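Participant: Residue numbers (my numbering), protein chains in the order written: chain A, 92 to 386; chain B, 5 to 299.
We put the CB at the ideal spot given by N, CA and C, even for glycine.
Note that the structure is predicted; figures quoted are calculated from it, not measured.
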């Protein structure tokens, strides 16, 4: 069993869902982000959030994949102040919905004053709602951006054991681990991190608080990154238990702190969920009968 | 502002019913949470409270099946004709109760509030709130919402309106009704849980279904035996012939459907065709074969 704790499934095809389910991915977490192009008004942002909490969750369930979300205002769109103000107003209502496991992905992109403002406001919201946080670290000026993110998080009195720093690499892992945060690695073919480098990092730093994800989205990315990384790590001699931690258990441990994600969700789901949200291993459209407990 | 005393009385009756169902099923903390939420919602002091409470309901009250006892279900039908809570869960009943608690005698305000909540609802919320349709005041003003539910690409949302729900039979226009029935077949849902199926049969629906059956046959695909239920009273000789053929060559379920349809068809040729399968005809007369037992 694998969890892909960072996957923008709204941009993926049914082939991807089939392949993920077949490869053993039992759950995905879809963090709210931009969608390749900036939204220009709060209405489209609202529809996006209800889409990932609605139709996307249903779609995943049809393939036997459990779907969770992180809710937040991403750093890119935080630079549109009018939009950002309006989005901040709707966030609490979405963040308290079922299946929301964190505030995220939030953080810095260009590290502007507006990004900083809305990052801080959302950290306060996470503290208020007692939700974990998923942090997007910038692609440019990453090391300083990651370091600054962690400073601000601690300044806002969040417990680092409830915060995942994502898109970590060799340059940032040490500080992330030393300061008590979870370190997530986006195994993304042409940038970010590769499976080979990930395996090397696990060997060096151990599996504790390390998490692999695909960050698959609309770009060239691989929804099978997590199972592939697991395979590669096993071949590289990393113990089965450590592989399990990095590709399943650690993500469950930190995002499970939301109270919205537990192993029972896929191992023994509530009957109501089997009737509606989650079709086990059957694909609804083929005419198969959903697993329904007769009353 | 439209006010209606009888609406208010009905809402109170519905709330009383739901509270009665929930009382033995809620843990003390859950009951206390619900009481507190209702008080705040009734006071109207915090406009966001209703949406937040609806979002939080599953984690506060759990998602166990409501699983009504026969006398409780009977009380439901007595309070609201056609009310059928089969398959409801505790959190769904709570969500409907919360919506009702927000009614303060103003129909338009109630409808606008429900619209706002549904527009940002995640999948579980949508299912629950649409199942509550028969209990809401001003049903004729909710028609657009019910129709949106039927338009949904998410089967459980479609079924929240279509199945075990007296709302469509009471409120839908013939065109809306026909779309719902044909869509149920198209998405391979079932017809028998739709209330009022026989009462609302009509020639136009029969024509659409006959065309649809022809389309399926041309594509070499199977035809749901339930389809013929809405065709039967309007069947011509061609349909009777098709049914007689199914009666001779179909699968068990198809033969039962064909026999039931022939039974419902007033043409003498239908009677004659049914007589060719004495065993099935007898089983229908004895009530052993019925529409709700074949699909």
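Output, in chain order, the set of chain A residues within a Cβ distance shorter than 8 angstroms of residue 160 (chain B).
Facilitator: Within the second chain, residue 160 (chain B) is the residue found at index 156, counting from 1. Per Cβ cutoff of 8 angstroms: 149, 366, 367, 368.
Participant: Only counting the same chain, and skipping five residues up and downstream in sequence, which positions put a Cβ closer than 8 angstroms to that of residue 207 (chain B)?
Facilitator: Along the second chain, one-based indexing puts residue 207 (chain B) at 203. For residue 207 (chain B), where only same-chain residues beyond five positions count, the Cβ hits under 8 angstroms are 238.
Participant: Indicate whether at least one CB of chain A lies closer than 8 angstroms to the CB of residue 50 (chain B).
Facilitator: Within the second chain, residue 50 (chain B) is the residue found at index 46, counting from 1. No, residue 50 (chain B) does not count as interfacial toward chain A.
Participant: Under the DSSP definition of a beta bridge, which residues are partnered with residue 93 (chain A)?
Facilitator: Along the first chain, read from residue 1 onward, the residue named residue 93 (chain A) stands at position 2. Paired residues: A:116.
Participant: Check whether the segment 231 to 248 of chain A and the segment 305 to 319 of chain A touch, using three or more Cβ-Cβ pairs below 8 angstroms as the test.
Facilitator: No, the segment 231 to 248 of chain A does not touch the segment 305 to 319 of chain A.
Participant: What is the C-beta distance between residue 138 (chain B) and residue 107 (chain B), in whole angstroms, given that I count them as a contact (C-beta under 8 angstroms)?
Facilitator: In the second chain, residue 138 (chain B) corresponds to position 134, counting from 1. In the second chain, residue 107 (chain B) corresponds to position 103, counting from 1. That belief does not hold up - the Cβ atoms of residue 138 (chain B) and residue 107 (chain B) are roughly 14 angstroms apart, past 8 angstroms.
Participant: How is residue 307 (chain B) classed by DSSP in three states: helix, strand or coil?
Facilitator: This structure leaves residue 307 (chain B) out entirely; chain B is present only between 5 and 299.
Participant: Of all the residues that make up the segment 162 to 194 of chain A, which are near chain B by a beta-carbon distance shorter than 8 angstroms?
Facilitator: 181, 183, 184, 185, 187, 188, 189, 190
Participant: Could you tell me the distance, in whole angstroms, from the CA atom of residue 336 (chain A) to the CA atom of residue 125 (chain B)?
Facilitator: On the first chain, position 245 is the one that residue 336 (chain A) refers to. On the second chain, position 121 is the one that residue 125 (chain B) refers to. Answer to the nearest angstrom: the Cα atoms are 34 angstroms apart.
Participant: Check whether the Cβ of residue 346 (chain A) lies closer than 7 angstroms to any heavy atom of the ligand FMN, and answer yes or no.
Facilitator: In terms of ligand content, the structure shown is empty, and the ligand FMN therefore cannot be addressed.
Participant: Beta carbon of residue 294 (chain B), beta carbon of residue 268 (chain B): below 8 angstroms?
Facilitator: Along the second chain, read from residue 1 onward, the residue named residue 294 (chain B) stands at position 290. Along the second chain, read from residue 1 onward, the residue named residue 268 (chain B) stands at position 264. For the pair residue 294 (chain B) and residue 268 (chain B), the CB atoms are not nearer than the 8 angstroms cut-off.
Participant: For residue 198 (chain B), which residues of its own chain have a beta-carbon under 6 angstroms away from its beta-carbon, when the five flanking residues on both sides are left out?
Facilitator: Against the second chain, residue 198 (chain B) aligns to sequence position 194. Hits under 6 angstroms: 166.
Participant: If you draw a straight line from the alpha carbon of residue 162 (chain B) to that of residue 171 (chain A), how long is it in whole angstroms?
Facilitator: Position 158 of the second chain holds residue 162 (chain B). Position 80 of the first chain holds residue 171 (chain A). Answer to the nearest angstrom: the Cα atoms are 37 angstroms apart.
Participant: Buried or exposed: which applies to residue 191 (chain B), given that a residue is buried once 16 or more other Cβ atoms fall within 10 Å of its Cβ?
Facilitator: Taking the second chain and counting its residues from 1, one reaches residue 191 (chain B) at position 187. When all chains shown are included, residue 191 (chain B) counts as exposed.
Participant: Does the distance from the C-beta atom of residue 342 (chain A) to that of residue 334 (chain A) stay below 8 angstroms?
Facilitator: Working through the first chain from its first residue, we reach residue 342 (chain A) at position 251. Working through the first chain from its first residue, we reach residue 334 (chain A) at position 243. Cβ atoms of residue 342 (chain A) and residue 334 (chain A): not closer than 8 angstroms.
Participant: Counting only Cβ pairs nearer than 7 angstroms, list the residues of chain B close to residue 362 (chain A).
Facilitator: By 1-based counting over the first chain, the position of residue 362 (chain A) is 271. Within chain B, the residues near residue 362 (chain A) are 69.
Participant: Starting from the C-beta of residue 130 (chain A), find all residues in its chain whose C-beta is less than 6 angstroms away, skip the five residues before and the five after it, and write them out in chain order.
Facilitator: Start at 1 with the first residue of the first chain, and residue 130 (chain A) comes out as number 39. So the qualifying residues of the chain are 136.
Participant: Give the DSSP bridge partners of residue 273 (chain A), in chain order.
Facilitator: Within the first chain, numbered from 1, the residue matching residue 273 (chain A) stands at position 182. Looking at the DSSP assignment, residue 273 (chain A) forms a beta bridge with A:255.
Participant: Using only CA atoms, which one of A:243, A:365, A:153 lies nearest to residue 104 (chain A)?
Facilitator: Here residue 104 (chain A) refers to the residue found at position 13 when the first chain is read from its first residue. With distances taken between Cα atoms, residue 104 (chain A) lies closest to A:153.
Participant: To the nearest whole angstrom, what separates the beta carbons of residue 285 (chain B) and residue 278 (chain B), a pair I think is in contact under 8 angstroms?
Facilitator: Residue 285 (chain B) sits at position 281 when you count from the first residue of the second chain. Residue 278 (chain B) sits at position 274 when you count from the first residue of the second chain. The Cβ separation is near 5 angstroms, so the contact holds.
Participant: Leaving out five residues before and five after residue 47 (chain A) in sequence, what residues of the same chain have Cβ atoms less than 7 angstroms from its Cβ?
Facilitator: Nothing about residue 47 (chain A) can be read from this structure; chain A reaches only from 92 to 386.
Participant: With a 10 Å radius around its C-beta and 16 neighbouring C-beta atoms as the bar for buried, classify residue 317 (chain A) as buried or exposed.
Facilitator: Position 226 of the first chain, counting from 1, holds the residue named residue 317 (chain A). Here residue 317 (chain A) is buried: its Cβ has 16 or more other Cβ atoms, across all protein chains shown, within 10 Å.
Participant: Let me make sure I understand the geometry here. Which of B:82, B:55, B:88 has the alpha-carbon closest to that of residue 71 (chain B)?
Facilitator: For the purposes of this step, residue 71 (chain B) is identified with residue 67 of the second chain, where counting begins at 1. The candidate whose alpha carbon is nearest that of residue 71 (chain B) is B:88.
Participant: Could you check where the beta strand (DSSP E) with residue 89 (chain B) kicks off and where it finishes?
Facilitator: By 1-based counting over the second chain, the position of residue 89 (chain B) is 85. Note, residue 89 (chain B): premise wrong, no beta strand (DSSP E); not H, not E.
Participant: Just verifying my parser: in three-state terms, what is the DSSP assignment at residue 300 (chain A)?
Facilitator: Looking up residue 300 (chain A) in the first chain gives position 209. Residue 300 (chain A) falls in the coil class under three-state DSSP.
Participant: Taking a contact to mean a Cβ-Cβ separation below 8 angstroms, would you say residue 205 (chain A) touches residue 177 (chain A) in this structure?
Facilitator: The residue labelled residue 205 (chain A) in the question sits at position 114 within the first chain. The residue labelled residue 177 (chain A) in the question sits at position 86 within the first chain. The beta carbons of residue 205 (chain A) and residue 177 (chain A) sit no closer together than 8 angstroms.
Participant: CA-CA distance, residue 195 (chain B) and residue 131 (chain B)?
Facilitator: Within the second chain, residue 195 (chain B) is the residue found at index 191, counting from 1. Within the second chain, residue 131 (chain B) is the residue found at index 127, counting from 1. Spanning the two alpha carbons is a distance of roughly 18 angstroms.
Participant: What does DSSP give as the partner residue(s) for residue 93 (chain B) in the beta ladder?
Facilitator: Against the second chain, residue 93 (chain B) aligns to sequence position 89. Answer by DSSP bridge pairing, in chain order: B:69.
Participant: Would a check of beta-carbon distances place residue 146 (chain A) closer than 8 angstroms to chain B?
Facilitator: What you label residue 146 (chain A) is simply residue 55 of the first chain in a count that begins at 1. Closer than 8 angstroms to some Cβ of chain B, the Cβ of residue 146 (chain A) qualifies, so yes.
Participant: If residue 156 (chain A) sits next to residue 192 (chain A), beta carbons under 8 angstroms apart, how far is it from one beta carbon to the other, in whole angstroms?
Facilitator: As a position in the first chain, residue 156 (chain A) is number 65, starting the count at 1. As a position in the first chain, residue 192 (chain A) is number 101, starting the count at 1. Wrong, their Cβ atoms sit about 15 angstroms apart, outside the cutoff.
Participant: Tell me the residue span of the alpha helix (DSSP H) that contains residue 2 (chain B).
Facilitator: As displayed, chain B neither begins before 5 nor continues past 299, which places residue 2 (chain B) out of reach and without an answer.
Participant: At a cut of 8 angstroms, does the segment 205 to 224 of chain A reach the segment 159 to 170 of chain A through at least three beta carbon pairs?
Facilitator: yes
Participant: Could you list the residues in the segment 119 to 131 of chain B with a C-beta less than 8 angstroms from some C-beta on chain A, going in chain order?
Facilitator: From the segment 119 to 131 of chain B, only 123, 124, 125, 126, 127, 128, 129, 130, 131 have a Cβ closer than 8 angstroms to chain A.
Participant: Compute the distance between the beta-carbons of residue 204 (chain B) and residue 181 (chain B), then report whether it is under 8 angstroms.
Facilitator: What you label residue 204 (chain B) is simply residue 200 of the second chain in a count that begins at 1. What you label residue 181 (chain B) is simply residue 177 of the second chain in a count that begins at 1. Yes; because the gap between Cβ atoms is below 8 angstroms, this pair is in contact.
Participant: Do you know whose CA, among B:83, B:145, B:76, B:99, lies nearest residue 39 (chain B)'s CA?
Facilitator: Numbered from 1 along the second chain, position 35 holds the residue referred to as residue 39 (chain B). The closest CA to that of residue 39 (chain B), considering only B:83, B:145, B:76, B:99, is found on B:99.
Participant: What residues of chain B sit near residue 137 (chain A), judged by a beta carbon separation below 9 angstroms?
Facilitator: Locating residue 137 (chain A) in the first chain gives position 46, counting from the first residue. Per Cβ cutoff of 9 angstroms: 123, 124.
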